[in-house]
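Asks: These protein sequence lines are chains H and Z, in that order. Read in order, the letters of the first sequence correspond to residues 1 to 109 in my numbering. Read in order, the letters of the second sequence correspond to residues 1001 to 1109 in my numbering.
Protein chains: 2
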Amino acid sequence: MKGTHLGEFEELVLLIIGILYPDAYGLAVRNEIKNQTGRSAAIGAVHSALSRLEEKGFLKSHLGDSTSERGGRRKKLYTITAEGKKAVAYNRSLRNQLWNQIPDLAWDT
Amino acid sequence: MKGTHLGEFEELVLLIIGILYPDAYGLAVRNEIKNQTGRSAAIGAVHSALSRLEEKGFLKSHLGDSTSERGGRRKKLYTITAEGKKAVAYNRSLRNQLWNQIPDLAWDT
DNA sequence: AGTTTTTTCGTAAATGTAGAACATATTGAT
DNA sequence: ATCAATATGTTCTACATTTACGAAAAAACT
């Protein structure tokens, strides 16, 4: 299913990137996931999701300024593409649609 | 992450089970996925998701009547458990919450 | 050079995909 | 009645993709 669907974690990362705009990069994403959900994602997991999302065309990236005051490597900043927006919106509307078709009885088990 | 999260396909199957209540079983799930999303899932894919969801405690199953009118093996009917309901509801509210925090600018890329 | 910050890389486990093989029930022929 | 043929569903097996973890490498500052 390569590139055809948005995995569970990928979708979460995509939403977080939106929230963090325009300062979204690996570590910040990890921290925001922790803040928003309490979930402790490994940094490697975050970066592999970011890479896959970029490959799929849902994100694009550029390097941050090198003239900052702190030490350390340059940040790789991510933003959502039109494709990414479309994918997130589709998932959202599909789930709402499905949710609304579930009869109340289905929950009474 | 065993059992801790609901995969993308697993969540879809869980919602479909709700819609199909009380006649949800493997083949019906496959057909309904096709109807609702246009997605062609293999029957094996559906059953493996169902098994995992039952292992995780999100679904429970029982065998249908043997006195059916057509030939064929008995259906294994699935319903959502309280745990399953909780998981679906959590995912839904979390995503809405995240979605609402995304600034409009984030889409303007 | 030493320290800090961030990404890249390698490996393992969980989830997703696919369809053939197997099982079970009805139907129809003999 | 019994047996093959047919219809309906689930299990089994194999492999691809996604998720998880953390050590190592890279790049920027002092």
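Even glycine gets a Cβ: it sits at the ideal position worked out from N, Cα and C. Remember, it's a predicted structure, so these values are computed and weren't measured experimentally.
From this set, H:Arg52, H:Gly57, H:Trp107, which residue's C-alpha is nearest Lys1086 (chain Z)'s C-alpha?
Replies: Against the second sequence, residue 1086 (chain Z) aligns to sequence position 86. Nearest neighbour of Lys1086 (chain Z) by Cα position, chosen from H:Arg52, H:Gly57, H:Trp107, turns out to be H:Trp107.
Asks: Quick check: the Cα distance between Ile102 (chain H) and Leu1020 (chain Z), rounded to an integer number of angstroms?
Replies: One-based indexing of the first sequence puts residue 102 (chain H) at position 102. One-based indexing of the second sequence puts residue 1020 (chain Z) at position 20. Using only the alpha carbons, I get a separation of about 8 Å.
Asks: Could you check whether the Cβ of Gly1007 (chain Z) sits closer than 7 Å to any Cβ belonging to chain H?
Replies: Along the second sequence, one-based indexing puts residue 1007 (chain Z) at 7. The beta-carbon of Gly1007 (chain Z) is placed less than 7 Å from the nearest beta-carbon of chain H.
Asks: Could you check if Lys1075 (chain Z) is buried or exposed, using at least 16 other CB atoms within 10 Å of its CB as the buried criterion?
Replies: Residue 1075 (chain Z) sits at position 75 when you count from the first residue of the second sequence. Lys1075 (chain Z) should be labelled buried.
Asks: Can you name the start and end residues of the beta strand (DSSP E) that Thr1079 (chain Z) belongs to?
Replies: Taking the second sequence and counting its residues from 1, the one referred to as residue 1079 (chain Z) is at position 79. That run of the beta strand (DSSP E) goes 1076-1080.
Asks: With 8 Å as the C-beta to C-beta threshold (strictly closer), list the residues of the stretch 55-85 of chain H near chain Z in chain order.
Replies: Against chain Z - using a Cβ distance shorter than 8 Å - the residues of the stretch 55-85 of chain H are Lys60, Thr79, Ile80, Thr81, Ala82, Lys85.
Asks: Could you check whether Val1088 (chain Z) and Ala1164 (chain Z) sit closer than 7 Å to each other, using their CB atoms as the reference points?
Replies: One cannot answer for residue 1164 (chain Z) here, as it falls past the ends of chain Z, which runs 1001 to 1109.
Asks: Compare the Cα-Cα distances from Asn91 (chain H) to each of Z:Thr1037, Z:Gly1026, Z:Ile1017, Z:Thr1004 and report the closest residue.
Replies: Reading the first sequence from its first residue, position 91 is the one you call residue 91 (chain H). Ranking Z:Thr1037, Z:Gly1026, Z:Ile1017, Z:Thr1004 by Cα distance to Asn91 (chain H) puts Z:Thr1037 first.
Asks: So which residues on chain Z does Gly44 (chain H) lean against when the C-beta distance must stay under 7 Å?
Replies: Counting from 1 along the first sequence, the entry for residue 44 (chain H) is found at position 44. Neighbours of Gly44 (chain H) on chain Z: none; closest Cβ ~13 Å, over 7 Å.
Asks: May I ask which residues mark the beginning and end of the beta strand (DSSP E) holding Leu1006 (chain Z)?
Replies: Taking the second sequence and counting its residues from 1, one reaches residue 1006 (chain Z) at position 6. Where Leu1006 (chain Z) is concerned, there is no enclosing beta strand (DSSP E), given that its DSSP letter is neither H nor E.
Asks: For the alpha helix (DSSP H) containing Ser1061 (chain Z), name the first residue and the last one.
Replies: The residue you call residue 1061 (chain Z) lines up with position 61 of the second sequence. Where Ser1061 (chain Z) is concerned, there is no enclosing alpha helix (DSSP H), although the beta strand (DSSP E) it sits in stretches over 1059-1063.
Asks: Can a CB atom of chain H be found closer than 7 Å to the CB of Ala1033 (chain Z)?
Replies: Taking the first residue of the second sequence as position 1, residue 1033 (chain Z) is located at position 33. It is Ile, not Ala, that sits at residue 1033 (chain Z) in the sequence shown. Closer than 7 Å: no.
Asks: Evaluate Ser1004 (chain Z) with the Cβ neighbour count: other Cβ atoms within 10 Å of its Cβ, from every protein chain shown; 16 or more gives buried, anything less gives exposed.
Replies: As a working mapping, residue 1004 (chain Z) is identified with position 4 in the second sequence. First, the amino acid is wrong: residue 1004 (chain Z) is Thr here, not Ser. So Thr1004 (chain Z) counts as exposed.
Asks: Quick check on Met1001 (chain Z): does DSSP put it in helix, strand or coil?
Replies: Numbered from its first residue, the second sequence carries residue 1001 (chain Z) at position 1. Here the model assigns Met1001 (chain Z) a pLDDT of 45, short of 50, so the residue's position is not dependable and the matter cannot be decided.
Asks: Report the CB separation of Glu1083 (chain Z) from Gly1057 (chain Z) in whole angstroms; it is logged as a contact under 8 Å.
Replies: The residue you call residue 1083 (chain Z) lines up with position 83 of the second sequence. The residue you call residue 1057 (chain Z) lines up with position 57 of the second sequence. With 8 Å as the limit, Glu1083 (chain Z) and Gly1057 (chain Z) qualify as a contact, their Cβ atoms being about 5 Å apart.
Asks: Please decide whether Leu1050 (chain Z) counts as near chain H, where near means a Cβ-Cβ distance under 7 Å.
Replies: Within the second sequence, residue 1050 (chain Z) is the residue found at index 50, counting from 1. Chain H contact via Cβ: absent.
Asks: Under 7 Å between C-beta atoms, does Asp104 (chain H) make it to chain Z?
Replies: The residue you call residue 104 (chain H) lines up with position 104 of the first sequence. Asp104 (chain H) does not count as touching chain Z.
Asks: In this structure, does DSSP put Gly71 (chain H) in helix, strand or coil?
Replies: Here residue 71 (chain H) corresponds to residue number 71 of the first sequence, with the count starting at 1. Correct three-state label for Gly71 (chain H): coil.
Asks: Is the Cβ-Cβ distance between Glu10 (chain H) and Leu59 (chain H) less than 7 Å?
Replies: Stepping through the first sequence from its first residue, residue 10 (chain H) is reached at position 10. Stepping through the first sequence from its first residue, residue 59 (chain H) is reached at position 59. No, Cβ-Cβ distance for Glu10 (chain H) and Leu59 (chain H) is not below 7 Å.
Asks: Using a C-beta to C-beta distance shorter than 7 Å, which residues of chain Z count as neighbours of Gly18 (chain H)?
Replies: Locating residue 18 (chain H) in the first sequence gives position 18, counting from the first residue. Chain order gives the chain Z residues near Gly18 (chain H) as Ile1102, Ala1106, where near means a beta carbon separation below 7 Å.
Asks: In whole angstroms, what is the alpha-carbon distance linking Met1 (chain H) and Lys1034 (chain Z)?
Replies: Locating residue 1 (chain H) in the first sequence gives position 1, counting from the first residue. Locating residue 1034 (chain Z) in the second sequence gives position 34, counting from the first residue. No answer about Met1 (chain H) holds up, because its pLDDT of 48 lies below 50 and its placement is not dependable.
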